[in-house]
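In the working numbering, each residue's number is its place in the sequence shown (first place is 1) plus 511.
This report concerns only the one structure given below.
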Amino acid sequence: MRRSEVLAEESIVCLQKALNHLREIWELIGIPEDQRLQRTEVVKKHIKELLDMMIAEEESLKERLIKSISVCQKELNTLCSELHVEPFQEEGETTILQLEKDLRTQVELMRKQKKERKQELKLLQEQDQELCEILCMPHYDIDSASVPSLEELNQFRQHVTTLRETKLEMQKSQNEAVCEGLRTQIRELWDRLQIPEEEREAVATIMSGSKAKVRKALQLEVDRLEELKMQNMKKVIEAIRVELVQYWDQCFYSQEQRQAFAPFCAEDYTESLLQLHDAEIVRLKNYYEVHKELFEGVQKWEETWRLFLEFERKASDPNRFTNRGGNLLKEEKQRAKLQKMLPKLEEELKARIELWEQEHSKAFMVNGQKFMEYVAEQWEMHRLEKERAKQERQLKNKKQTETEMLYGSAPRTPSKRRGLAPNTPGKARKPVAASTCSGKKTPRTGRHGANKENLELNGSILSGGYPGSAPLQRNFSINSVASTYSEFAKDPSLSDSSTVGLQRELSKASKSDATSGILNSTNIQS
């Protein structure tokens, strides 16, 4: 028997004893029966009301418990759904009170979990927003209205952790970049201020690394050099101007473009003038970096062009035919290589420049003019120079021929030619008459003058006569010039190859030797 049932029976026995005790009192006092009945009714009423009140309270408690169970079960189902967990199941049979307590406890636990997840979600979202703004990345995609699952929170945590690591790496990279920028600034200031090497070596310990103390030391050194720069304004500005000229040369600036920077010639060495020079050097550096590939291509063409002109000059030198050590063959091979390289470079640069001009909607200028016009001008100037040299040679050869026809020709190397043809004993050399314009023998008194004239012309390259003309003027139109090597090479009068030049010079040398032989015979006869 349960303890509650024993207590109930004891309550009944207690009630009976109390009633019997009341009846004994009433009899002893002598209370009449009818009053005893009334008093017993009052006792019954009081006991019944008390029991009814207690029963009502307990019934109310039962109803509250049942209602609480219903509410808790409903809320618990909702929480389980939101938290993505299995619905709560009571194990075994239990009383209403215990079920209510278990359900209420489980609801409180679920509420706590929901609150914690929502708080963590909010915190992760705040961290994600801050990190994404720093890293310029999109925010993590997650529903803020719903309760995240444990898996979703775990993924979100990993994402934020990755962002933190990225931020640290970025901060490290930024710090390294700041330190490297300070070092670059220090080196530039060293060069501008012409700081001696001993003073530079004194701060060599901070020229590597990116720790906080290194960064602080670098900043202090920059501040010191900036202060020193203010004290040596003129010296610094002049150093910047030297650097400006270097960049002007690298960027192929024309004289007009250089003169456009008026502060270059200013002499009031102030902070504002220094700022103007600093801004200009930064602009030029950026301009050069953007167009670096094109400028390097133009530089390569310039160097190739200079080599080409040098070999062209050597090709016109009569002393080249001495060919000591095989230099003539080497020069001709190099010259042929340059002749192939120049048109290729021009075509490549033309294509790249046209593409660049389409992308930037403006012309690519070299020395104040379009590059292909600049190339065309160089070829035209070269053509005019060759034409001028050709006319000079023809005029000189004409005068030489006229002189030879009038006075005769002296041998170039008389001693060597006498050695090549020794006299045969017992035989006399036949006299050879000197050539004259009228068919008569030239007087002996004019021979000394003729020999003097011949000695002055000795060693020159002879060619056919050409009427004299004034030097060509440099007035031409870009549309009419030989703008590329291919067009220049099509002109047979200008593109004298090494083979043709060699044959021509050998022919001239043979002619000169024959003329010298005639003059030797004349001298011996006379």
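Ideal Cβ placement from N, Cα and C applies to all residues, glycine included.
- By the neighbour-count definition (other C-beta atoms within 10 Å, threshold 16), residue 838 is an exposed residue.
- For residue 717, there is no enclosing alpha helix (DSSP H), since its DSSP letter is neither H nor E.
- Straight through space, the alpha carbons of residue 634 and residue 787 are spaced by roughly 49 Å.
- For residue 661 and residue 734, the gap between their C-alpha atoms comes out near 53 Å.
- In this structure, the beta-carbon distance from residue 655 to residue 674 does not fall below 9 Å.
- With contacts defined as CB atoms closer than 9 Å, residue 601 and residue 614 qualify as a contacting pair.
- Buried is the label assigned to residue 639, since at least 16 other Cβ atoms lie within 10 Å of its Cβ.
- Distance between residue 878 and residue 765, taken at the CA atoms: about 4 Å.
- Our two residues, residue 581 and residue 593, have alpha carbons roughly 19 Å apart in a direct line.
- Annotated three-state conformation of residue 881 is strand, per DSSP.
- Annotated three-state conformation of residue 852 is helix, per DSSP.
- Between the C-alpha atoms of residue 756 and residue 827 there is a straight-line separation of about 35 Å.
- When the five nearest sequence neighbours on each side are left out, the beta carbons in the same chain lying within less than 8 Å of the beta carbon of residue 542 are those of 550, in order along the chain.
- With 16 or more other Cβ atoms from the protein chains shown falling within 10 Å of its own Cβ, residue 886 counts as buried.
- Between the C-alpha atoms of residue 579 and residue 587 there is a straight-line separation of about 12 Å.
- With a cutoff of 9 Å on beta-carbon distance, residue 740 and residue 700 are scored as near each other.
- If you draw a 10 Å sphere on the C-beta of residue 776, you find fewer than 16 other C-beta atoms in it, and that means exposed.
- Closest option to residue 690, judged by alpha-carbon separation, among 703, 731 and 659: 731.
- In this structure residue 517 is exposed. Its beta-carbon is surrounded by fewer than 16 other beta-carbon atoms within 10 angstroms.
- Residue 628 is positioned such that its CB atom lies closer than 9 Å to that of residue 664.
- Residue environment: residue 659 is assigned as buried (16 or more neighbouring CB atoms within 10 Å of its CB, all protein chains considered).
- Its chain contains 587 and 617 as the residues whose beta carbon lies nearer than 6 Å to that of residue 599, once the 5 sequence neighbours on both sides are disregarded; these appear in chain order.
- Looking at the DSSP output, residue 876 bridges to 881.
- Take residue 867, set aside five residues on each side of it, and the residues of its chain with a beta-carbon closer than 7 Å to its own are 805 and 875, in chain order.
- Take the alpha-carbon of residue 708 and the one of residue 796: they are about 26 Å apart.
- Ranked by Cα distance from residue 644, the first of 584, 671, 537 and 821 is 671.
- Restricting attention to beta strand (DSSP E) runs no shorter than 3 residues, the region 755-820 encloses none.
- Straight across, the Cα-Cα distance linking residue 570 with residue 547 is about 34 Å.
- The beta-carbon distance between residue 890 and residue 856, rounded to whole angstroms, is 13 Å. This is too long to meet the 8 Å contact definition.
- In terms of Cβ geometry, residue 808 and residue 894 do not form a close pair [threshold 9 Å].
- Contact check for residue 849 against residue 882 fails: the beta carbons are separated by 9 Å or more.
- Residue 533 and residue 604 have their C-alpha atoms roughly 46 Å apart.
- The alpha-carbon of residue 846 is positioned some 11 Å away from that of residue 824.
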